[in-house]
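The structure appears right after this line, and notes come after that.
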Amino acid sequence: MRTLSESLNILVVEDNASDQFLLEQMLLSSKLKINRIFCASRITEAKKILGSTEIHFVLLDL
Numbered sequence: 000m001r002t003l004s005e006s007l008n009i010l011v012v013e014d015n016a017s018d019q020f021l022l023e024q025m026l027l028s029s030k031l032k033i034n035r036i037f038c039a040s041r042i043t044e045a046k047k048i049l050g051s052t053e054i055h056f057v058l059l060d061l
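When we follow numbering that gives the first Met the number 0, the leftmost residue of the sequence shown carries the number 0, and every step to the right adds one.
Below, the structure is given as structure tokens:
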């Protein structure tokens, strides 16, 4: 189990660029210890990221 002190890799799946930017800024201003934020605008992009990177948290726009 991960602890909150470990750095997180976060994936944001959002097709609206403005919303994607807003989510990124909100995450960066949070108290989360973030290693990297990955962004994808399509599910195919998200699958590629998930297949090649350890992602700990996903925000998905349905």
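Backbone N, C-alpha and C define an ideal beta-carbon position, used for all residues, glycine too. If you're wondering where the values come from, they're calculated on a predicted model, not measured in any experiment.
For a test of the three-state rule: what should DSSP assign to Leu26, helix, strand or coil?
Position 27 of the sequence shown, counted from the first residue, corresponds to residue 26. Note: Leu26 maps to helix in three-state DSSP.
In angstroms with no decimal places, state the Cα-to-Cα distance between Gln24 and Ser17.
By 1-based counting over the sequence shown, the position of residue 24 is 25. By 1-based counting over the sequence shown, the position of residue 17 is 18. Roughly 11 Å separates the two Cα atoms.
Look up Ile9 in the DSSP assignment and give the residues it is bridged to.
Position 10 of the sequence shown, counted from the first residue, corresponds to residue 9. In DSSP, Ile9 forms a bridge with Ile36, Phe56.
Taking the C-alpha atoms as reference points, what is the distance between Ile48 and Ser29?
Residue mapping note: residue 48 aligns to position 49 of the sequence shown, counting from 1. Residue mapping note: residue 29 aligns to position 30 of the sequence shown, counting from 1. Their Cα atoms are separated by approximately 23 Å.
Measuring straight from C-alpha to C-alpha, what distance separates Ser51 and Glu44?
Looking up residue 51 in the sequence shown gives position 52. Looking up residue 44 in the sequence shown gives position 45. Between Ser51 and Glu44, the C-alpha separation is close to 11 Å.
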